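Q: Once you've had a glance at the structure underneath, I'll fire off some questions.
Residue numbers (our numbering): 1187 to 1643.
See the structure below:
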């Protein structure tokens, strides 16, 4: 892998959907770089510090959220002189997002008073009263024709269906939830999944016309759903719960066909490969080197004498487990991280009670395929959008990768660079790696069909 030099950022940074550009917020400036040369192609100045950014799907426009104002500014890469500023006045703006046609911006006001659709074509706007959430509770169909918006009035949750062509309300129906958490269209646009708050285990599948297709409740009298995700193929729905289990439903009968437990002790029989991150001292032959005392005294960095690698462990093995305190809210337990591979064959999970372990499940064989045990808690994990390859980071200077052929560690050569977050570009050729105040990119080689990586690369 090849790494670029580090570039400064003070907030969000992300690839454009067409993978040609990288946008990074540096205080009140928005810096757009080319992903091949990393030269600055556009520089936009906002009115205040940038809190979040989002690309339009056509990669021609980008919006910046300014929390301190609060307002939204949008910019055009093809027309740098074009400007757009959205200010809701006393209502404020809590969040903003693009519509699928890249010509409308949806803003949610403070205190969820209303959701407004702003047109960049004719300056028209449409209002939806009482949206349920600011940054959640809005989902678009894959073809971009319809939007589903969660609302709440008179202590009851509702779904508003809007046409993204003229933004007219196509239908409104109430849903059987106490406090709806979020909503997702299925990848084939045939169903809508919603789930209740963590106080009530309830997952509901609705048709677009408002019929409840299935109600799923795994148990009662306990903290419920923590994460939900459709498989890319649309055939499976994964539900992660606070009881430290992953359940997978099928799209034909909506019945559970797999339940995966995250046990702190892995025992035989177990077909999974358990990879544990270990330090390995560097073996240097310095017998023929003549070094003075000043040089030897300056090399006191402990990282300089070690490299990390994966060691394949034998079962039984006990994974590091943290029991959450009973007197604090939002306990760190349950399936907090849940992500499907691009081919829907694998799904990776992290049980927050075991933050250093990443589980990779094989949906085809309904078994655990691998367990990665890290030294530090896992910060982020992301699948390659093109092939079956998983990348994760733990806040150290290393990248960790897994493929069905094995797992391996990659050292970031940049000094004092701790990888706290990562993102793939859309064609799977490049990784964006974030530190606290800087970012870099890594060119990722294409994965051969029969790859055989060693564990100590």
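Just so it is clear, CB atoms sit at the ideal spot from N, CA and C, and this is done for glycine as well.
Just so it is clear, the structure is predicted and the values come from calculations on it, not from any experiment.
If we ignore side chains and look at the alpha-carbon of each, how far apart do residue 1463 and residue 1494 end up?
A: Those two C-alpha atoms are separated by around 7 Å.
Q: Tell me whether the beta-carbon of residue 1344 lies closer than 8 Å to the beta-carbon of residue 1361.
A: For residue 1344 and residue 1361, yes; Cβs fall inside 8 Å.
Q: Considering Cα atoms alone, identify which of 1439, 1424 and 1596 is closest to residue 1547.
A: Taking only the C-alpha atoms, the option nearest residue 1547 is 1424.
Q: One question on the structure: do residue 1205 and residue 1570 come within less than 8 Å of each other, judged by their Cβ atoms?
A: Their beta carbons are not under 8 Å apart, which means residue 1205 does not touch residue 1570 by this criterion.
Q: Have a look at residue 1534 and residue 1267 and give me their C-alpha separation to the nearest angstrom.
A: So the alpha carbons of these two residues sit roughly 44 Å apart.
Q: Can you check which of these residues, 1606, 1352 and 1632, is closest to residue 1624 by C-alpha distance?
A: The candidate whose alpha carbon is nearest that of residue 1624 is 1606.
Q: Sorted by chain position, which residues of the same chain lie with C-beta nearer than 6 Å to residue 1447's C-beta, five sequence neighbours on each side aside?
A: Excluding residues within five positions, the ones whose Cβ falls inside 6 Å are 1431.
Q: According to DSSP, is residue 1209 helix, strand or coil?
A: Residue 1209: strand per DSSP, three-state reduction.
Q: Relative to the alpha-carbon of residue 1539, which residue among 1449, 1616, 1595 and 1592 has its alpha-carbon at the smallest distance?
A: Here the closest residue by C-alpha is 1449.
Q: Can you tell me where the beta strand (DSSP E) with residue 1313 in it begins and where it stops?
A: That run of the beta strand (DSSP E) goes 1311-1315.
Q: Do the stretch 1585-1599 and the stretch 1499-1508 meet, that is, are 3 or more Cβ pairs less than 8 Å apart?
A: Not touching, per the Cβ criterion.
Q: Which term fits residue 1454, buried or exposed, when burial requires 16 or more other beta carbons within 10 angstroms of its beta carbon?
A: Classification for residue 1454: exposed.
Q: Do you know offhand how far residue 1518's Cα is from residue 1227's?
A: Near 43 Å, if we compare the C-alpha coordinates of residue 1227 and residue 1518.
Q: Kindly indicate if chain B contains any beta-carbon less than 8 Å away from that of residue 1621.
A: Going by chain labels, chain B is absent from the structure shown, which holds only one protein chain.
Q: Are there three or more Cβ pairs, one per stretch, closer than 8 Å when the stretch 1403-1420 is compared with the stretch 1332-1348?
A: No: fewer than three Cβ pairs fall under 8 Å.
Q: Which value, in whole angstroms, describes the spacing of the CA atoms of residue 1436 and residue 1422?
A: If you take the alpha carbons of residue 1436 and residue 1422, they lie about 5 Å apart.
Q: Measuring straight from C-alpha to C-alpha, what distance separates residue 1247 and residue 1263?
A: Each residue's Cα considered, the two are about 6 Å apart.
Q: May I ask you to list the residues that DSSP assigns as paired with residue 1243?
A: Looking at the DSSP assignment, residue 1243 forms no beta bridge with any residue, so it has no partner.
Q: Any idea what DSSP makes of residue 1410, helix, strand or coil?
A: Residue 1410: coil per DSSP, three-state reduction.
Q: Can you give me the Cβ contacts of residue 1366 inside the same chain, cut-off strictly under 7 Å, excluding the 5 residues immediately before and after it?
A: For residue 1366, where only same-chain residues beyond five positions count, the Cβ hits under 7 Å are 1318, 1336, 1343, 1380 and 1382.
Q: Can you list, in chain order, the residues of its chain whose CB lies under 6 Å from that of residue 1294, leaving out five sequence neighbours each side?
A: Same-chain partners within the cutoff: 1280, 1281, 1301, 1317 and 1320.
Q: I'd like to confirm the pairing. Which residues does DSSP put opposite residue 1534 in its beta bridges?
A: For residue 1534, which the question treats as bridged, DSSP gives the partners 1525 and 1546.
Q: Anyone know if the C-beta pair for residue 1537 and residue 1557 falls short of 8 Å?
A: No.
Q: Take the Cβ of residue 1307 as the centre, count every other Cβ of all protein chains shown within 10 Å, and call the residue buried at 16 or more, exposed below.
A: Classification of residue 1307: exposed, given that the 10 Å Cβ count is below 16.
Q: Given a cut-off of 8 Å, decide if residue 1324 and residue 1333 are closer than it, judged by their beta-carbon atoms.
A: Against a cut-off of 8 Å, the Cβ pair of residue 1324 and residue 1333 comes out as a contact.
Q: Flag residue 1416 as yes when its Cβ comes closer than 7 Å to any non-hydrogen atom of the ligand FAD, and as no otherwise.
A: The ligand FAD is not part of the structure shown, which contains no ligands of any sort.
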